[in-house]
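A.B. asks:
Residue numbers (our numbering), protein chains in the order written: chain A, 1 to 160; chain B, 1001 to 1143.
#1: So which residues on chain A does residue 1111 of chain B lean against when the C-beta distance must stay under 7 angstroms?
#2: Straight-line CA distance for residue 101 of chain A to residue 46 of chain A?
#3: Report the rounded CA-to-CA distance for residue 1056 of chain B versus residue 137 of chain A, giving the unit in angstroms.
#4: Using beta carbons (cut-off 7 angstroms, strictly below), is residue 1105 of chain B in contact with chain A?
#5: DSSP has residue 1121 of chain B in a bridge; who is on the other side?
#6: One question on the structure: do residue 64 of chain A and residue 52 of chain A come within less than 7 angstroms of each other, judged by their Cβ atoms?
#7: Whole angstroms is fine: what's the gap from residue 1041 of chain B's alpha carbon to residue 1100 of chain B's?
#8: Within a Cβ cutoff of 6 angstroms, which residues of the same chain sit near residue 1054 of chain B, ignoring the five residues on either side of it in sequence?
#9: If we define contact as Cβ-Cβ less than 7 angstroms, is residue 1138 of chain B a contact residue for chain A?
#10: Are three or more beta carbon pairs between the segment 1041 to 1052 of chain B and the segment 1082 to 1098 of chain B nearer than 8 angstroms?
#11: Go through the segment 40 to 120 of chain A residue by residue and report every complete run of the alpha helix (DSSP H) that reaches 4 residues or more, in order.
#12: Does the structure place the segment 97 to 114 of chain A close enough to the segment 122 to 131 of chain A that three or more beta carbon pairs sit under 8 angstroms?
#13: Does the segment 133 to 148 of chain A come within contact of the segment 54 to 68 of chain A, defined as at least 3 CB pairs closer than 8 angstroms?
#14: Would you please verify whether the beta carbon of residue 1009 of chain B is less than 7 angstroms from any beta carbon of chain A?
#15: Per DSSP, what kind of secondary structure is residue 1126 of chain B in: helix, strand or coil?
#16: What residues in the segment 129 to 140 of chain A bring their beta carbon closer than 7 angstroms to a beta carbon of chain B?
#17: Taking beta-carbon pairs under 8 angstroms, can you tell me which members of the segment 15 to 30 of chain A lie near chain B?
#18: Within the same chain, show all residues whose beta-carbon is closer than 8 angstroms to that of residue 1126 of chain B, passing over the 5 residues directly before and after it, in chain order.
#19: Alpha carbons only, please: which of A/113, A/28, A/57 is nearest the one belonging to residue 87 of chain A?
#20: Residue 1120 of chain B and residue 1109 of chain B - do their beta-carbons sit closer together than 7 angstroms?
#21: What do you get for residue 144 of chain A, buried or exposed, if any count of 16 or more other CB atoms within 10 angstroms of its CB means buried?
#22: State yes or no: is the C-beta of residue 42 of chain A within less than 7 angstroms of the C-beta of residue 105 of chain A?
Structure (structure tokens):
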């Protein structure tokens, strides 16, 4: 029947399993950071994870080391995906990961090593949720962040 | 070290609890009536009502389940005469988002033939959930 065709054109899709496998690898690395605790080794590994998130925030989840591992090691062993996914949501999730781990790295470099396992713990829960049930925590929080913005252009002032 | 292992186990349990809770809530259809004072001028937002029912989906660009849900609802609207599906971007309809108290995307409203809200759902919807939501908006079949 009549459909709304106003949705914006989506960029070329990616295999939706890629970001989830990548999140699994990231969650593993973050678990190691938690085990390393407030130490220089933990800070270095958290820095590596944050650098990966930075790469993903710029190039998309498929442009990270985890994405490359998925393409070269995992996907050849899988059936083709049932459907492709828009790369923008996973890329936004990478940005959220960068913010969380970045805070830990910056505080760690500033001498607050105790922040390293905390940031890793928060990021671990988010990455593990993404890997296991496909929940993108950053995407869930996106609208809440948007609502904090002051009201701007409105199509129709609500009738009162 | 043992403390750290305990911490990691606690984080794992937290992850499992959050994941289970989240999954159970995805797409759950709520048919409680909307607030009585809520009168939204759908036509002014470019939402033309279907003859029998209308799906209004609030979506964000950064939302992967929104795409899958849009596909499910489009398919259903395509099969059911008099049922239409509209997708609104939350960034362009922030006032509507606030008025409706929408906290996450996708949020789907199902309007009956008069434009009154018959059901509402948040999170990715399965075809079964979409069918259930639509049934809430259609008059009970004359048996």
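The C-beta atom is built at its ideal place from N, Cα and C for all residues, glycine as well.
Source: prediction; values computed, not measured.
C.D. replies: Reading off the structure:
#1: Chain A residues near residue 1111 of chain B: none, gap ~14 angstroms exceeds 7 angstroms.
#2: 7 angstroms
#3: 24 angstroms
#4: yes
#5: B/1029, B/1108
#6: yes
#7: 13 angstroms
#8: Cβ neighbours of residue 1054 of chain B beyond the five flanking positions: 1084, 1111.
#9: Under the Cβ distance rule, residue 1138 of chain B does not count among the residues neighbouring chain A, no pair being separated by less than 7 angstroms.
#10: yes
#11: 40 to 59, 65 to 69, 88 to 109
#12: As far as the Cβ criterion goes, the segment 122 to 131 of chain A touches the segment 97 to 114 of chain A, which means the pair count is three or higher.
#13: no
#14: no
#15: coil
#16: 129, 132, 133, 135, 136, 139, 140
#17: Per Cβ criterion, the list reads 16.
#18: 1027, 1072
#19: A/57
#20: For residue 1109 of chain B and residue 1120 of chain B, yes; Cβs fall inside 7 angstroms.
#21: exposed
#22: Going by beta carbons, residue 42 of chain A and residue 105 of chain A fall outside the 7 angstroms limit.
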